[in-house]
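Before any comments, here is the structure.
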Amino acid sequence: MSHEATPHLQHHFETPEQQFDAGKLGIWLFLATEILLFGGLFCAYAIYRANHPEIFLYAHQFLDKVLGGTNTVILLCSSLTMAWAVRASQLGQRKLLITLLSLTLLGGFGFMGIKYVEYKAKWEHGLLPGTHFAPHEEAANDSPPGEGVKPPAHGKRPSNVQIFFGIYFLMTGLHGIHVLAGMGAITWILVRSARGEFGPDYFTPVDFVGLYWHLVDLIWIFLFPLLYLVS
Amino acid sequence: MTPKDHYLNHTSGFASWAFTLDHKRIGVMYLVATLGSFLLGGLAALAVRTELISRGPTIMDADTYNKMFTLHGAVMVFLFIIPSIPAALGNFVLPLMLGAKDVAFPRLNLMSFWLWVIGALFCIGAVISGGVDTGWTFYTPYSTTTNTNVIATTLGVFILGFSSIFTGLNFIVTIHKLRPLGMTWFKMPLFLWSLYGTALIQVLATPVLGITLLLLIAERALGIGIFDPALGGDPVLFQHFFWFYSHPAVYIMILPAMGIISEVISIHSRKHIFGYRFIALSSIAIAAFGFLVWGHHMFVSGQSGMANAIFSALTFSVAIPSAIKVFNWLATLYKGNIHLTTAMIYALMFIITFGIGGLTGLHLGALAVDVHLHDTYFVVAHFHYVMFGGTVIALLAGLHHWWPKMFGVMIDERLGRIAAFFIFVGFNTTFFTQFVMGSHGMPRRYYDYLPQFTVYHRISTIGSYVMAAGFFLIAYYLLRSLFRGQAAPMNPYGGNSLEWHTASPPPFDNFTTTPKAEDPYDYDRLVPDEVNGGYRSLTYEGVGTR
Amino acid sequence: MSHEAHPQVGHVVPLSTLFAVLGTLLVMTFVTVAVSWFDFGRFNLWIALGIAVFKASLVLLFFMHLKYDKPMNAIVIIISMALVMLFIAITLTDTAQYEPERIPGYAPSIKTNPK
Chain A
1 MSHEATPHLQ
11 HHFETPEQQF
21 DAGKLGIWLF
31 LATEILLFGG
41 LFCAYAIYRA
51 NHPEIFLYAH
61 QFLDKVLGGT
71 NTVILLCSSL
81 TMAWAVRASQ
91 LGQRKLLITL
101 LSLTLLGGFG
111 FMGIKYVEYK
121 AKWEHGLLPG
131 THFAPHEEAA
141 NDSPPGEGVK
151 PPAHGKRPSN
161 VQIFFGIYFL
171 MTGLHGIHVL
181 AGMGAITWIL
191 VRSARGEFGP
201 DYFTPVDFVG
211 LYWHLVDLIW
221 IFLFPLLYLV
231 S
Chain B
232 MTPKDHYLNH
242 TSGFASWAFT
252 LDHKRIGVMY
262 LVATLGSFLL
272 GGLAALAVRT
282 ELISRGPTIM
292 DADTYNKMFT
302 LHGAVMVFLF
312 IIPSIPAALG
322 NFVLPLMLGA
332 KDVAFPRLNL
342 MSFWLWVIGA
352 LFCIGAVISG
362 GVDTGWTFYT
372 PYSTTTNTNV
382 IATTLGVFIL
392 GFSSIFTGLN
402 FIVTIHKLRP
412 LGMTWFKMPL
422 FLWSLYGTAL
432 IQVLATPVLG
442 ITLLLLIAER
452 ALGIGIFDPA
462 LGGDPVLFQH
472 FFWFYSHPAV
482 YIMILPAMGI
492 ISEVISIHSR
502 KHIFGYRFIA
512 LSSIAIAAFG
522 FLVWGHHMFV
532 SGQSGMANAI
542 FSALTFSVAI
552 PSAIKVFNWL
562 ATLYKGNIHL
572 TTAMIYALMF
582 IITFGIGGLT
592 GLHLGALAVD
602 VHLHDTYFVV
612 AHFHYVMFGG
622 TVIALLAGLH
632 HWWPKMFGVM
642 IDERLGRIAA
652 FFIFVGFNTT
662 FFTQFVMGSH
672 GMPRRYYDYL
682 PQFTVYHRIS
692 TIGSYVMAAG
702 FFLIAYYLLR
712 SLFRGQAAPM
722 NPYGGNSLEW
732 HTASPPPFDN
742 FTTTPKAEDP
752 YDYDRLVPDE
762 VNGGYRSLTY
772 EGVGTR
Chain C
778 MSHEAHPQVG
788 HVVPLSTLFA
798 VLGTLLVMTF
808 VTVAVSWFDF
818 GRFNLWIALG
828 IAVFKASLVL
838 LFFMHLKYDK
848 PMNAIVIIIS
858 MALVMLFIAI
868 TLTDTAQYEP
878 ERIPGYAPSI
888 KTNPK
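Residue numbers (the working numbering), protein chains in the order written: chain A, 1 to 231; chain B, 232 to 777; chain C, 778 to 892.
Have a look at this one:
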């Protein structure tokens with residue numbers, strides 16, 4: 001197999017199919033490790049929610065469902081643009097690829113922007129994890145624009161509410177770090193796309209970054225109902 | 232006989248090693264790195280044993296003692312035992328056994344190595360700047376409140392975890408995708424089955440350690456109370472998290488070791504391995520069952536009675552696949568043509584010492600017995616018999632078995648035998664005594680002890696010095712062989728797996744002509760090579776010569 | 778230059794499929810929010826999780842092309858999820874046994890707990 005015909009074939013692989021399949025299996029194994037990483041956090045969530053449901057019932061009301069829902073929609077749409085971008089790279093549609101990757105990146109910025117608004121509001125209202133939990137009682141009453149904090153409908157505040165915020169910040173924080181990492185990876189792919197590096201004969205980096213981005217979306221699909229929609 | 236151009240001298244200079252993509256060079260670098268860690272961990276062990284030779288302070292105070300056994304445990308577990316066989320021997324041998332030119336992702340392989348280095352630097356840095364005194368298990372709430380360098384150490388371990396994950400990932404993909412035509416799963420050498428089982432655990436279990444350590448760091452740095460009762464948290468939850476990884480981790484330690492034993496026993500007794508499929512599938516069974524028994528570390532932690540009973544029952548089941556292997560090895564030896572090379576001596580030693588270690592695991596798995604033995608020296612002796620008497624002995628066997636292939640030189644067999652004797656006597660003196668001590672109630676991690684235990688501690692410490700002497704002798708003759716060893720033939724021991732059908736040391740691209748895979752345990756294909764020494768294959772004439 | 782070349786390896790997902798999946802995902806997001814306004818008692822969590830699993834499956838099968846890939850990739854992901862569920866199940870079972878014995882609301886380092 002001449003290397004001019006297959007410039008992207010690495011020396012230790014026999015065929016492009018073998019290389020592609022190996023790369024795919026590799027990235028899926030990496031995604032599996034991410035699932036296990038977050039799995040630990042889902043376990044902590046499950047333990048505390050099962051044994052102290054009153055904490056979750058009470059504290060989740062401080063989260064804004066509108067913002068959370070918007071973030072969900074943003075990530076789902078960015079998953080579409082990402083999957084479409086992979087398709088574009090496979091078909092050699094360079095301009096479309098660049099546009100779609102940019103839109104995906106924009107979605108990432110949107111998501112992190114809303115995250116920033118949410119975190120800022122938590123900070124201002126003293127709704128922080130662990131020993132830093134110091135709710136301003138007026139948080140129960142005022143409703144700043146964009147962050148509707150309703151007075152809790154379930155009566156008296158239970159003890160150890162800081163546990164909820166510990167889990168909230170750990171899960172959304174780790175997820176946010178992964179979003180940022182994904183945005184970094186997409187930026188790198190964007191630069192390479194602009195240089196015309198991808199086409200039908202070589203698109204695997206777009207494919208693999210896409211898979212990572214979809215995982216980030218997947219995790220949020222679970223985080224949203226578990227944190228924001230406790231009923 | 233030694234080829235002029237091989238992977239060690241094909242290119243030279245620091246950069247050609249530091250940025251190499253050659254799995255053989257990466258394996259050698261890992262070997263040096265992990266053996267260096269073994270030295271560090273071993274010196275810490277000698278310090279611990281020396282302190283314990285007499286009651287009360289001997290050479291250090293109590294706080295230093297706590298830091299010393301933590302150092303010993305953390306360095307040995309994370310820097311040495313988990314990476315050593317897979318990353319050093321595995322990296323070298325796996326692609327060769329597959330007739331491949333490299334692992335699936337050579338750059339990832341290099342990254343694994345540098346991640347190990349960075350993780351090691353974090354850990355060493357933590358030691359230098361005051362150390363950690365929590366024990367290598369970092370139990371909360373002590374680990375979240377002690378004022379020693381927990382964060383630096385756990386960050387180091389977190390990074391080491393990624394090194395392990397990427398190695399495992401690489402091996403899984405390599406074994407799935409880079410097998411040659413004709414080498415179906417059940418035609419692979421058993422070392423590869425064991426590396427596969429190990430890699431499964433590395434990929435699936437290590438991330439849970441990662442999140443555990445992140446949560447620990449968050450608790451210390453940010454006061455997020457998941458594990459601290461004073462913050463509303465649950466300390467037993469930490470143990471669930473920690474052992475969900477750390478129990479499967481011990482199978483990361485032992486599975487590759489068992490793979491080596493399968494190879495060495497078969498080759499050095501010139502007999503086809505008995506029960507190939509059973510051994511192959513038992514590697515997967517051990518990996519799978521290993522995920523179901525973590526609670527047996529927590530019998531007295533506050534874990535519920537129901538969980539205790541379930542975990543105890545499951546623990547008995549995990550012994551079965553290991554026992555299957557031992558019986559198959561014994562059946563292989565039976566009526567074999569046994570060559571007592573140093574490698575074979577270590578393999579036979581493994582069966583004895585791992586056997587003891589494994590059986591005493593059953594003592595500990597029995598719930599009612601464990602209530603008395605938990606946190607005593609019985610536990611310490613058990614895990615040293617499996618980790619040292621198992622993994623380290625197997626590593627020595629593998630090192631002696633593949634040393635001619637890796638470095639093109641033969642080892643002084645006479646010195647090898649003497650050192651093996653020292654190791655065997657020293658090891659059993661050190662640790663068998665601890666079974667007795669532990670069953671009489673001597674607690675572990677204790678700086679001081681009651682007078683009735685003095686004689687046991689003395690015997691144990693003397694044993695450790697004898698062991699150390701054995702290791703220094705090994706280091707001496709291995710290093711000497713690199714400079715003055717007799718040149719090794721292509722196939723000194725007559726193996727039929729593919730690594731034996733290329734030069735010793737191999738060329739940088741592994742094979743001049745890639746051999747076709749056949750049954751790796753069919754020794755009828757090999758006859759003694761009068762010209763070059765060792766054995767030559769009837770199937771491949773002239774393969775590996777340049 | 779946008780000629781419709783075809784890749785040597787891999788499968789190209791039709792655009793209509795991608796849009797159909799997004800549409801379904803958005804609808805299911807709306808459903809999951811709507812469902813949270815009602816109280817189904819102990820089924821609340823399972824309904825929410827069920828919808829999430831359905832949405833996740835769509836992302837996995839179509840956006841991440843598991844439907845068109847070799848089965849090994851799907852097996853990898855399924856095993857990892859199964860392991861997470863095993864971990865949660867056993868740990869939950871254990872904690873459920875001893876949690877009731879803990880002192881309710883005990884957290885001396887938290888100053889903001891109600892007295």
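A virtual CB, placed ideally from N, CA and C, is assigned to each residue, including glycine.
Against residue i, what residues of chain D qualify as contacts under a CB-to-CB distance less than 8 angstroms, listed in chain order?
i	result
residue 455 of chain B	The structure shown contains no chain D; its protein chains are A, B and C.
For residue i, which beta-bridge partners are listed by DSSP?
i	result
residue 202 of chain A	A:199
residue 319 of chain B	Bridge partners of residue 319 of chain B: none, in fact.
residue 607 of chain B	B:674
residue 640 of chain B	B:718
So which residues on chain A does residue i lean against when the C-beta distance must stay under 8 angstroms?
i	result
residue 799 of chain C	76, 77, 79 and 80
residue 403 of chain B	25 and 29
residue 746 of chain B	Result: empty, since nearest Cβ-Cβ is about 16 angstroms, beyond 8 angstroms.
For a contact meaning CB atoms closer than 9 angstroms, what does residue i contact in chain C?
i	result
residue 537 of chain B	870, 871 and 874
Please list the terminal residues of the continuous beta strand (DSSP E) segment that includes residue i.
i	result
residue 768 of chain B	766 to 768
residue 759 of chain B	757 to 759
Residues of chain A with a CB under 9 angstroms from the CB of residue i: which are they?
i	result
residue 859 of chain C	Neighbours of residue 859 of chain C on chain A: none; closest Cβ ~10 angstroms, over 9 angstroms.
residue 504 of chain B	Residues of chain A passing the Cβ test: none, with the nearest at roughly 28 angstroms.
residue 435 of chain B	32, 33 and 36
residue 336 of chain B	22, 23 and 26
Between which two residues does the alpha helix (DSSP H) carrying residue i extend?
i	result
residue 179 of chain A	162 to 194
residue 463 of chain B	Run containing residue 463 of chain B: none; DSSP gives neither H nor E here.
residue 90 of chain A	65 to 90
residue 431 of chain B	421 to 453
residue 117 of chain A	94 to 124
Under 7 angstroms Cβ-Cβ, which residues of chain A neighbour residue i?
i	result
residue 253 of chain B	The premise fails here: residue 253 of chain B is roughly 11 angstroms from chain A at the closest Cβ pair, so nothing lies under 7 angstroms.
residue 442 of chain B	37, 40 and 41
residue 832 of chain C	221
In chain B, what lies closer than 8 angstroms to residue i by C-beta?
i	result
residue 885 of chain C	461
residue 849 of chain C	407
Just to make sure I have the definition right: I need the residues of chain C whose C-beta is within less than 7 angstroms of the C-beta of residue i. Which are they?
i	result
residue 245 of chain A	Nothing in the structure corresponds to residue 245 of chain A, since chain A is present only between 1 and 231.
residue 190 of chain A	Near residue 190 of chain A there are no residues of chain C at all, since even the closest Cβ is about 18 angstroms away, more than 7 angstroms.
For residue i, which residues in chain C fall below 8 angstroms Cβ to Cβ?
i	result
residue 84 of chain A	792 and 795
Checklist entry - Counting pairs of beta carbons, one from the stretch 71 to 85 of chain A and one from the stretch 789 to 804 of chain C, are three or more of them closer than 8 angstroms? => result Cβ pair count under 8 angstroms is three or more, so yes.
Next on the checklist: So within the stretch 573 to 602 of chain B, which uninterrupted alpha helix (DSSP H) runs reach at least 4 residues, ignoring any that extend past its ends?
Outcome noted: Here the runs fully enclosed are 573 to 596.
Checklist entry - Is there contact between the stretch 339 to 347 of chain B and the stretch 285 to 304 of chain B, where contact requires at least three CB pairs shorter than 8 angstroms? => result Three or more beta-carbon pairs separated by less than 8 angstroms are not found between the stretch 339 to 347 of chain B and the stretch 285 to 304 of chain B, which leaves the two stretches without contact.
Item to check | Stretch-stretch touch, CB-based, cutoff 8 angstroms, three pairs: the stretch 416 to 435 of chain B with the stretch 360 to 375 of chain B | outcome: Result no; under three Cβ-Cβ pairs closer than 8 angstroms.
Next on the checklist: Extract the residue ranges of the alpha helix (DSSP H) inside the stretch 232 to 269 of chain B, only unbroken runs of 4 or more that lie entirely within it.
Outcome noted: At a cut-off of 4 residues, the continuous stretches assigned as alpha helix (DSSP H) that sit fully inside the stretch 232 to 269 of chain B are 245 to 249.
Next on the checklist: Three Cβ pairs or more, each shorter than 8 angstroms: is that satisfied between the stretch 558 to 569 of chain B and the stretch 609 to 620 of chain B?
Outcome noted: With a cut-off of 8 angstroms, the stretch 609 to 620 of chain B and the stretch 558 to 569 of chain B do not count as touching, because too few Cβ pairs lie within range.
Next on the checklist: Contact between the stretch 306 to 326 of chain B and the stretch 217 to 226 of chain A is defined here as three or more beta-carbon pairs at a separation below 8 angstroms; is this criterion met?
Outcome noted: In short, these stretches do not touch, since the Cβ pair count stays below three.
Checklist entry - Counting Cβ pairs, one atom from each stretch, are 3 or more of them under 8 angstroms apart for the stretch 864 to 884 of chain C and the stretch 54 to 65 of chain A? => result They do not touch, by the three-pair rule.
Checklist entry - What are the start and end residues of each continuous alpha helix (DSSP H) run of 4 or more residues lying completely inside the stretch 527 to 574 of chain B, in chain order? => result As for any alpha helix (DSSP H) of minimum length 4 sitting wholly inside the stretch 527 to 574 of chain B, the runs are 536 to 564, ordered along the chain.
Checklist entry - Hey, is the stretch 658 to 666 of chain B in contact with the stretch 256 to 270 of chain B, meaning 3+ C-beta pairs nearer than 8 angstroms? => result Too few Cβ pairs lie closer than 8 angstroms, so no.
Item to check | Stretch-stretch touch, CB-based, cutoff 8 angstroms, three pairs: the stretch 676 to 693 of chain B with the stretch 614 to 621 of chain B | outcome: As far as the Cβ criterion goes, the stretch 676 to 693 of chain B does not touch the stretch 614 to 621 of chain B, which means the pair count is below three.
Item to check | 4 or more residues per run - each alpha helix (DSSP H) lying fully within the stretch 479 to 534 of chain B | outcome: The stretch 479 to 534 of chain B contains, as complete alpha helix (DSSP H) runs of 4+ residues, the segments 507 to 520 (chain order).
Item to check | Length at least 4, wholly inside the stretch 812 to 856 of chain C: the alpha helix (DSSP H) runs in chain order | outcome: Taken in chain order, the complete alpha helix (DSSP H) segments of 4 residues or longer contained in the stretch 812 to 856 of chain C are 821 to 835.
Next on the checklist: Quick check: the stretch 195 to 204 of chain A against the stretch 87 to 96 of chain A, are at least 3 beta-carbon pairs closer than 8 angstroms?
Outcome noted: A contact exists between the stretch 87 to 96 of chain A and the stretch 195 to 204 of chain A.
Checklist entry - Could you give the uninterrupted runs of the alpha helix (DSSP H) lying entirely in the stretch 310 to 388 of chain B, keeping only those of 4 residues or more? => result At a cut-off of 4 residues, the continuous stretches assigned as alpha helix (DSSP H) that sit fully inside the stretch 310 to 388 of chain B are 322 to 328, 337 to 359 and 373 to 376.
Checklist entry - Should the stretch 422 to 430 of chain B be called in touch with the stretch 487 to 507 of chain B, which here means at least 3 C-beta pairs below 8 angstroms? => result By the Cβ rule, the stretch 422 to 430 of chain B counts as touching the stretch 487 to 507 of chain B, because three or more pairs are nearer than 8 angstroms.
Next on the checklist: Would you call the stretch 446 to 459 of chain B in contact with the stretch 506 to 513 of chain B, where contact means no fewer than 3 C-beta pairs closer than 8 angstroms?
Outcome noted: Fewer than three beta-carbon pairs drawn from the stretch 446 to 459 of chain B and the stretch 506 to 513 of chain B are found closer than 8 angstroms, and the two stretches are therefore not classed as touching.
Next on the checklist: With three or more beta-carbon pairs closer than 8 angstroms as the criterion, would you say the stretch 112 to 129 of chain A touches the stretch 161 to 171 of chain A?
Outcome noted: When Cβ pairs closer than 8 angstroms are counted between the two stretches, the stretch 112 to 129 of chain A is seen to touch the stretch 161 to 171 of chain A, the count reaching three or more.
Item to check | Three or more C-beta pairs below 8 angstroms linking the stretch 251 to 262 of chain B and the stretch 204 to 213 of chain A | outcome: Not touching, per the Cβ criterion.
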